[in-house]
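Chains as they are written, first to last, in our numbering: chain Y, 7 to 120; chain C, 214 to 325.
The C-beta atom is built at its ideal place from N, Cα and C for all residues, glycine as well.
Remember, predicted model here, so these are calculated numbers, not experimental data.
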Amino acid sequence: ETGVTQTPRHLVMGMTNKKSLKCEQHLGHNAMYWYKQSAKKPLELMFVYNFKEQTENNSVPSRFSPECPNSSHLFLHLHTLQPEDSALYLCASSTRDGNNSPLHFGNGTRLTVT
Amino acid sequence: QKEVEQDPGPLSVPEGAIVSLNCTYSNSAFQYFMWYRQYSRKGPELLMYTYSSGNKEDGRFTAQVDKSSKYISLFIRDSQPSDSATYLCAMSRPGGSYIPTFGRGTSLIVHP
């Protein structure tokens with residue numbers, strides 16, 4: 007079992023729904039990330055939190071709203087999504103200690119917007 | 214030009230073959246190089262992590278970095294059907310605050 011847990015594994019939502027994705031890491035890391043993975047495209051960085059502070063927002067539409075209450079938990083709140091937002095959403099964590107520690111990923115939430 | 218180029222494949226090989234997966238990059242500041250393996254319906258898992266140029270071996274896997282050519286490779290010896298997955302390369306600049314840049318991933322199929 008991965009040290010990064012994401013729930014739910016699958017989510018189907020209509021364009022007018024509001025839902026949240028949850029991520030929890032058990033690795034003692036201090037940075038957490040949201041990525042979007044679409045078929046045949048590189049991973050798209052969405053948000054980065056370092057010690058609970060958001061340090062990156064990669065021009066993500068406001069219908070995606072992140073929340074990081076502590077270094078172990080990360081949420082992605084979704085509302086009024088579009089069909090093109092259907093993708094695999096991956097959470098990752100790492101140690102931001104100046105040593106370029108690699109990212110550790112969860113198994114993702116497969117999101118389908120109808 | 215994309216910062217990291219990776220052929221998406223698919224690459225299909227028979228069991229037992231030596232597999233070579235490659236990425237090229239344009240940013241000479243990259244010093245840390247990673248290979249991730251992603252099985253279907255799973256997240257990427259770190260396979261190899263190297264710093265600067267040279268080779269690193271771990272079991273059947275060898276990661277090779279040629280900074281002069283801006284080219285990295287992952288070799289898999291005696292490939293197995295269980296190696297069938299998507300392999301993503303990633304690289305980052307030194308300093309600790311830089312987030313890795315990923316390639317598109319190469320889909321590998323090892324058939325019995």
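Proximity below 9 Å, CB of residue i to CB of residue j
{"i": "A163/C", "j": "S286/C", "result": "The structure shown has nothing for residue 163/C, since chain C only spans 214 to 325."}
{"i": "S92/Y", "j": "S100/Y", "result": "no"}
{"i": "E73/Y", "j": "L80/Y", "result": "yes"}
{"i": "F53/Y", "j": "N36/Y", "result": "no"}
{"i": "Q31/Y", "j": "S78/Y", "result": "yes"}
{"i": "P48/Y", "j": "K215/C", "result": "yes"}
{"i": "P221/C", "j": "K42/Y", "result": "no"}
{"i": "S305/C", "j": "M247/C", "result": "yes"}
{"i": "P313/C", "j": "F111/Y", "result": "no"}
{"i": "R102/Y", "j": "L17/Y", "result": "no"}
{"i": "Y284/C", "j": "C236/C", "result": "yes"}
{"i": "I322/C", "j": "I231/C", "result": "no"}
{"i": "G114/Y", "j": "L96/Y", "result": "yes"}
{"i": "L109/Y", "j": "Y39/Y", "result": "yes"}
Delimiting residues of the beta strand (DSSP E) encompassing residue i
{"i": "Y252/C", "result": "Where Y252/C is concerned, there is no enclosing beta strand (DSSP E), given that its DSSP letter is neither H nor E."}
{"i": "Q43/Y", "result": "37–43"}
{"i": "I289/C", "result": "284–289"}
{"i": "V54/Y", "result": "50–56"}
{"i": "V119/Y", "result": "115–119"}
{"i": "Y264/C", "result": "258–264"}
{"i": "N235/C", "result": "232–238"}
{"i": "I322/C", "result": "319–324"}
{"i": "H16/Y", "result": "16–19"}
{"i": "S305/C", "result": "298–305"}
{"i": "D91/Y", "result": "Taken as a continuous stretch (DSSP letters only), D91/Y belongs to no beta strand (DSSP E), as it is neither H nor E."}
{"i": "G267/C", "result": "267–271"}
{"i": "T275/C", "result": "274–279"}
Closer than 8 Å at the beta carbon, the chain C residues around residue i
{"i": "F111/Y", "result": "Y249, G256, P257, E258"}
Listed by chain order, chain C residues near residue i by CB distance under 7 Å
{"i": "V54/Y", "result": "I312"}
{"i": "P72/Y", "result": "Under the 7 Å cutoff, chain C gives no residues; its nearest Cβ is about 15 Å from P72/Y."}
{"i": "G114/Y", "result": "G256"}
{"i": "L96/Y", "result": "G256"}
Under 8 Å from the C-beta of residue i: neighbouring residues of chain Y
{"i": "S297/C", "result": "Those do not exist, as S297/C stays about 17 Å from chain Y at its closest Cβ, beyond 8 Å."}
{"i": "F315/C", "result": "P48, L49"}
Under 9 Å from the C-beta of residue i: neighbouring residues of chain Y
{"i": "F243/C", "result": "Result: empty, since nearest Cβ-Cβ is about 10 Å, beyond 9 Å."}
{"i": "P223/C", "result": "Result: empty, since nearest Cβ-Cβ is about 11 Å, beyond 9 Å."}
Chain-ordered chain Y contacts of residue i [CB-CB under 7 Å]
{"i": "S305/C", "result": "N106"}
{"i": "Y284/C", "result": "The premise fails here: Y284/C is roughly 18 Å from chain Y at the closest Cβ pair, so nothing lies under 7 Å."}
{"i": "Y262/C", "result": "P108"}
Local conformation of residue i per DSSP, three classes
{"i": "D220/C", "result": "coil"}
{"i": "E75/Y", "result": "Note that residue 75/Y is Pro in the sequence shown, not Glu. Note: P75/Y maps to strand in three-state DSSP."}
{"i": "S295/C", "result": "helix"}
{"i": "L96/Y", "result": "strand"}
{"i": "G9/Y", "result": "coil"}
{"i": "K25/Y", "result": "strand"}
{"i": "F243/C", "result": "coil"}
{"i": "E62/Y", "result": "strand"}
{"i": "L33/Y", "result": "coil"}
{"i": "P227/C", "result": "strand"}
{"i": "L109/Y", "result": "coil"}
Closer than 8 Å: residue i CB and nearest the ligand HEM heavy atom
{"i": "G229/C", "result": "The model depicted lacks the ligand HEM and carries no ligand whatsoever."}
Neighbour flag for residue i against chain B, beta carbons, 9 Å
{"i": "L321/C", "result": "Among the protein chains in the structure shown, which are Y and C, there is no chain B."}
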